[in-house]
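In what follows, a single structure is set out as structure tokens and then discussed.
In structure tokens, the structure reads:
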């Protein structure tokens, strides 16, 4: 076994007050006499833990000391050693010492006693701490040799029961194990004060999440920002939407008052544009203050007293170079210092170009928000209204906007809940964008993990192929590269890195691209490609931020007077990030607001490393401008394309020249050439013209060729006479100037020329119509939209990596899109598939051979019927790298969906190809990469269903399946409960039933009605072997059916039930509009199995936390129960036997592990018909009759006890059934243990 030191995650830096309080207590601890005995030193350490963090800490049993939770369960084991016993403690990173063996012994005692609360183990002296995650010790809990040694000692089973024998066995076994044990090490010195505080805090030691995690939305900030903007969240059918509020004098109110003809979508577009600019400016202000460019904040009402002044800042300052600014701006002491940024964020939007600008808005007083942060701030205790702009500025001022980890960790923040960094802003942007159906912000711990796992392999592959080497790790590659780190070679290697192409086809807020950007910067550092960083520099990624230290001090950049080291580092990082964004990162999204947010996030990433420009050795006080990176982020439906990726562009004359021109134009757009400046709009127009050429050639080459021929013929015969500008431009190649000037045409020739031009116009219209085809109006043409993935001939090369979190939209919500999906994905299409599945097919097509894909999606495709074709694609055409089940982690706060992460390579799998399977717990969240995993053979998965299990489990599954017969092959039927379509009308409480019966005019009607209204059970009413009836009834106005005796039963004649009809009439709006109805609104939908409700049956709920089945035999005083739509009924043979089987531990384990469609979170079960029908249960034969009879009798006994008392304890009988079921499948003790441990 080897030992790997980990850095402490930077998630819990103390604020100033916390640090001062800790310093006092820590100084007292440092005064502990090093010559004192172990107990005295341990007590001093315990006092530190109790005094500062209020831990319940004390010795317990044999443990030196332990931190206990409120239930007195051990959470942290502390093994303390005196300095006078150096041989028992860790030396030079070797943890295989007595201190570790003792802590392991205590750990095994706790685990044997059923303690699942263990978080960490601390090995300590008064000089140093070693902290180990308790999960690291789980490998010892499962090791046979260590288990035997423990039992010999603890359970007195061996010859030598002394603990020393256990320690000796541990030392020997640890030397043999082939794995790493990870730990954190902290020296207990004054200079490590903040680090020690962080290590001992509950957030780290007890793994208690901290509110101000970069992945967490700051709700106070978000809610008050919404209030100021005049927006609010509204819940519509389970969807959270952002809509205008009615708050007087808010921003949306002022906007609507000024421009009364704007619709809601236009209002939202303007609010998002303005909000993005203002929040960006607040970050810029924070950055410029950290640079010491400004001494004080400039976003104040003293500098910008109204919205007109803010408009000037947008368009006359930030959007213009210094030499283009008005004289009064150049002379203004504040405005002249604000840098030009060259961001299209400050280009006028289409609505602003139409005159809808912020400058005309009223700046009236807005009431302070009821929960305003200003009310908690010492400078704003008065609850008085403020002018809108002043309120906005003061609100933003109270929050600490930061752009670098250095700011975040300065230990000066008075309240961490007021910390707003770019990650938090990303969440705010995404929320403001509105939860369009199925789109969710992906937190940093997911995006960072996925990018690291995806980008490292493609970097290695790129360098291996380019330089004909075989490096498996970045360290090996660095060793190869550093042999030739001359400047020319370093640039060559960096350029090789910059040839990677990474794309997110559902880019959302751009979080994946931000993580990819930072990951590539880290890889450049790891490979030694950042030349300006000195040897004592470190660069790490923490919480999606780059953290640089030089000589162990945080890197700081301030306005320099010379081009010193920090300036060179800042400049190189800016240029590196810029190159990565321009060359390597691409995104597409259907939502234009998402695209704007992505651009904003990337600009912010560049802004952090903006640097001052020097000319002639002097600082110009101007910041380097941001490039036009927006062209890499496109707005369209990425799933739909008119053209195939292999469509041929070679029919275009001079294709090589045109492709090179296209690439040059895009490069010039991103980074304008100062020697040949072109207006940005001219560049956009030229690029669009070239793309139109490609489109027209692919769409209608015949018409395009005819048009070109007609223009050529016209020019040669009639010169430019009668031609429009577009045709003139297209025809320049055919024009031959004459020495004698333009030929004069005769009247007849002029008439012919007009006719010729008419033909040209007709052909052009035909092409324009082809281009603007309605169904493809929002399609995205991957074939040529990104020239960076085209070769010199215009052929599509593909991306190195496709990554993302595709939207989750159910099939019933994409009806309009289905015909196009069916047309585009013919061999993949499934009419019931969720939209995210198509992104897998898209990714496969977009990747180059051996390209890498990583998606976080719903995990339903692994087992659901609609995922069959996706499973087939993954198994047959890709090589799986890893699959991570995230059921235990709630990744998306608002998404009621279980998710998983899959990584695959675009290449057919080798015969023995294997992949890693991970199933992290909440404790693994901070280090997903090191979640325990096991290898699975790809060919162990089947297209029928993905069952992820180790060899032991797969062997157990095979044994279970060999013993049983799937329920679908039994003589049973499984059917849904009654679907009314309007439960408020058809499902009624006892009081309403009584009222209807009392309203009956005759005894005959009353008797008919009594028979019509049936008792009903919902899914949640069904318990284990019993039920809790909620006194609900169903009005069974059936639509007619064929009885089991084949006679036709007519529909209920509602006219014979006037009291019932009167009740239903009261709900007429609901019953007339429902989809599930019979021939009239009064009738239930057709139900062929209606009679099955009136016979013996098993009733069970679909979604439950544990197996809950009830056998309804009609013996209760109400007769048979009907079942409502959230439950199922099972009818047929051997129902008591099946009841016992379905509740057994074996069947429950098998269902959840092998047959359920992905589960529901950590503990839920979903007993869908398709899943339960796959359960292999032994049919009753002569051979197993005795066991089957005992299981049947046990189920009957339990039913009888539950009938008398639903809360009767039947655990003893249920255990007997479990034992009988194990015998039925002939399981070994080891297999039984696997099932018992898996419950």
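Numbering (UniProt numbering), first residue to last: 1 to 1239.
Note that the Cβ used here is the ideal one computed from N, Cα and C, for glycine as well.
Fair warning: this is a prediction, and the values are worked out from it, not measured in the lab.
When DSSP assignments are scanned along the segment 797–860, the uninterrupted stretches of alpha helix (DSSP H) that are 4 or more residues long and fall wholly within it turn out to be 818–824 and 836–846. Relative to the Cα of residue 77, the nearest Cα in the group 1047, 102, 93 and 96 belongs to 102.
Per the coordinates, the alpha-carbon of residue 679 lies some 29 Å from the alpha-carbon of residue 267.
Taking every protein chain shown into account, the CB of residue 41 has 16 or more other CB atoms within 10 angstroms, so this residue is buried. Residue 830 sits away from residue 637, with the two beta carbons spaced by 8 Å or more. From the listed residues 549, 794, 539 and 619, the smallest Cα separation to residue 658 is found for 794. Note on the segment 1132–1173: whole alpha helix (DSSP H) runs with a minimum of 4 residues are 1135–1143, 1145–1150 and 1169–1172, in chain order.
In the structure shown, the three-state DSSP call for residue 120 is strand.
Of the residues 722, 1193 and 875, the one whose Cα lies closest to the Cα of residue 908 is 875. Annotated three-state conformation of residue 97 is coil, per DSSP. Comparing alpha carbon positions, the residue from 624, 323, 151 and 599 closest to residue 280 is 599. The three-state reading of DSSP puts residue 621 in strand, counting E and B together. If you compare the alpha carbons of 558, 50, 958 and 82 with that of residue 37, the shortest gap goes to 82.
CA-to-CA, the gap between residue 1019 and residue 983 works out to about 14 Å. Distance from the CA atom of residue 992 to the CA atom of residue 244, rounded to whole angstroms, is 41 Å. Residue pairing by DSSP puts residue 635 in a beta bridge opposite 589. Taking C-beta atoms under 8 Å as the contact rule, residue 764 and residue 707 qualify, at a distance of about 6 Å.
Taken through DSSP and simplified to helix, strand or coil, residue 527 comes out as coil. Residue 124 is classed as buried because its beta carbon has at least 16 other beta carbons within 10 Å across all chains shown.
Residue 1107 and residue 1218 have their C-alpha atoms spaced approximately 14 Å apart. The continuous alpha helix (DSSP H) containing residue 451 extends over residues 444–467. For residue 304, there is no enclosing beta strand (DSSP E), as DSSP marks it with neither H nor E. Selection 621, 949 and 944 evaluated against residue 936 yields 949 as nearest (Cα-Cα). With three or more CB-CB distances shorter than 8 Å, the segment 514–526 counts as touching the segment 579–592.
Sequence-distant Cβ neighbours of residue 146 in its own chain, meaning closer than 6 Å and more than five residues away, are 140 and 173.
A distance of 8 Å or more separates the beta carbons of residue 1137 and residue 1055. With respect to the 8 Å criterion, residue 162 and residue 5 are not classified as neighbours on the basis of their beta carbons. The bridge partners DSSP lists for residue 1107 come to none.
Per DSSP, residue 787 has no beta bridge partner at all. For secondary structure counted as the alpha helix (DSSP H) over 4 or more consecutive residues, the segment 260–301 holds these complete runs in sequence order: 264–290. Here residue 962 is exposed. Its C-beta has fewer than 16 other C-beta atoms within 10 Å. A straight line joining the alpha-carbon of residue 549 with that of residue 377 spans about 34 Å. For residue 133, DSSP records a beta bridge to 120. Shown here, residue 51 sits in a helix according to DSSP, grouped into three states. For residue 255, there is no enclosing beta strand (DSSP E); the enclosing alpha helix (DSSP H) has its first and last residue at 251–258.
Fewer than three pairs of CB atoms, one per stretch, sit closer than 8 Å, so the segment 1096–1111 makes no contact with the segment 1067–1079.
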